[in-house]
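Using numbering that gives the first Met the number 0, the letters of the sequence shown map in sequence onto residues 0 to 138. Ideal Cβ positions, reconstructed from N, Cα and C, are used throughout, including at glycine. This structure is a prediction, so every number in the text was calculated from the model and none was measured. Below is one structure, written out as structure tokens; the observations come after it.
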Amino acid sequence: MATRKAKSQWNGTLKEGNGIMSFANYEGPFTFASRFEEGEGTNPEELVGAALSGCFSMFLAALVSNEGITPTSIETSATVNLGDDNGPKITTIVLETKAVIPGIAQDKFDELVATSKANCPISRLYQGAEIKVEATLQA
Numbered sequence: 000m001a002t003r004k005a006k007s008q009w010n011g012t013l014k015e016g017n018g019i020m021s022f023a024n025y026e027g028p029f030t031f032a033s034r035f036e037e038g039e040g041t042n043p044e045e046l047v048g049a050a051l052s053g054c055f056s057m058f059l060a061a062l063v064s065n066e067g068i069t070p071t072s073i074e075t076s077a078t079v080n081l082g083d084d085n086g087p088k089i090t091t092i093v094l095e096t097k098a099v100i101p102g103i104a105q106d107k108f109d110e111l112v113a114t115s116k117a118n119c120p121i122s123r124l125y126q127g128a129e130i131k132v133e134a135t136l137q138a
């Protein structure tokens, strides 16, 4: 299996400091404001959402393909909610998936969505957070 690497560097105090997260061809700044307020830059929770939404879409595409059906598109967005449970904690992740998959029945789609939610590698990593999926099969 593949091994992937990412790195980050933080400079200064929590509130006044800043950092850079990088992997592959991405490099993004992050700050206290971008994580806990509405400041510019990215944050670890957005990257968790990107990882989960990408993993979920690919896993669903694989399951659909295994049924002998070719998906036209699967678009997934992730909303990652950060709460406070004796310190910051990801409490809920909501995936919203819109899929165009000609020839698939709604019940089969729902079954494959549930399997993807439970078994994509990033979902399995985050079993402690509640992950919800709202999936729409589009014509």
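Looking at the secondary structure, which residues open and close the alpha helix (DSSP H) in which Asp106 lies?
Looking up residue 106 in the sequence shown gives position 107. It spans Gln105 to Asn118 - the alpha helix (DSSP H) in which Asp106 sits, taken as one unbroken run.
Relative to the C-alpha of Ser56, which candidate in Ala104, Lys6, Ile19 and Ile121 has its C-alpha closest?
Translated into positions along the sequence shown, residue 56 becomes position 57. The candidate whose alpha carbon is nearest that of Ser56 is Ile121.
What does the alpha-carbon distance come out to for the pair Ser33 and Thr69?
Here residue 33 is taken as the residue at index 34 of the sequence shown, counted from 1. Here residue 69 is taken as the residue at index 70 of the sequence shown, counted from 1. Cα to Cα, Ser33 sits roughly 39 Å from Thr69.
By DSSP's criteria, Thr69 is part of a beta bridge. Which residues make up the other side?
Taking the sequence shown and counting its residues from 1, one reaches residue 69 at position 70. Answer is none; Thr69 lacks a bridge partner.
Am I right that Ile100 and Leu136 are in contact with their C-beta atoms under 8 Å? What's the rounded C-beta distance?
Locating residue 100 in the sequence shown gives position 101, where the first residue counts as 1. Locating residue 136 in the sequence shown gives position 137, where the first residue counts as 1. Sure, about 6 Å apart at Cβ, within 8 Å.
Applying the criterion that 16 or more other CB atoms from any shown protein chain within 10 Å of the CB defines a buried residue, is Ala138 buried or exposed?
Counted from its first residue, the sequence shown places residue 138 at position 139. Ala138 is exposed by the Cβ-count criterion.
Answer yes or no: do Ile40 and Gly27 have a C-beta to C-beta separation smaller than 8 Å?
Here residue 40 refers to the residue found at position 41 when the sequence shown is read from its first residue. Here residue 27 refers to the residue found at position 28 when the sequence shown is read from its first residue. According to the sequence as given, residue 40 is Gly; it is not Ile. Contact: yes.
Hey, quick one: how far does the alpha helix (DSSP H) through Ala32 stretch, first residue to last?
Taking the sequence shown and counting its residues from 1, the one referred to as residue 32 is at position 33. Here the alpha helix (DSSP H) through Ala32 covers Phe31 to Phe35.
What does a CB cutoff of less than 8 Å around Gly38 pick up in its chain, not counting 5 residues either side in sequence?
If you number the sequence shown from 1, residue 38 lands on position 39. Excluding sequence neighbours, Gly38 sits near Thr30, Phe31 and Ala32.
Could you check whether the segment 50-65 touches the segment 4-23, counting it as contact only if at least three pairs of C-beta atoms, one from each stretch, sit closer than 8 Å?
Taking 8 Å as the limit for Cβ pairs, the verdict is that the segment 4-23 does not touch the segment 50-65.
Helix, strand or coil: how does DSSP classify Ala98 here?
Translated into positions along the sequence shown, residue 98 becomes position 99. It is a strand residue.
What residues are listed by DSSP as bridge partners for Ala77?
One-based indexing of the sequence shown puts residue 77 at position 78. In DSSP, Ala77 forms a bridge with Leu94.
Determine the DSSP secondary structure at Met0, reduced to helix, strand or coil.
Along the sequence shown, one-based indexing puts residue 0 at 1. In the structure shown, Met0 sits in coil (DSSP, three-state: anything other than H, G, I, E or B).
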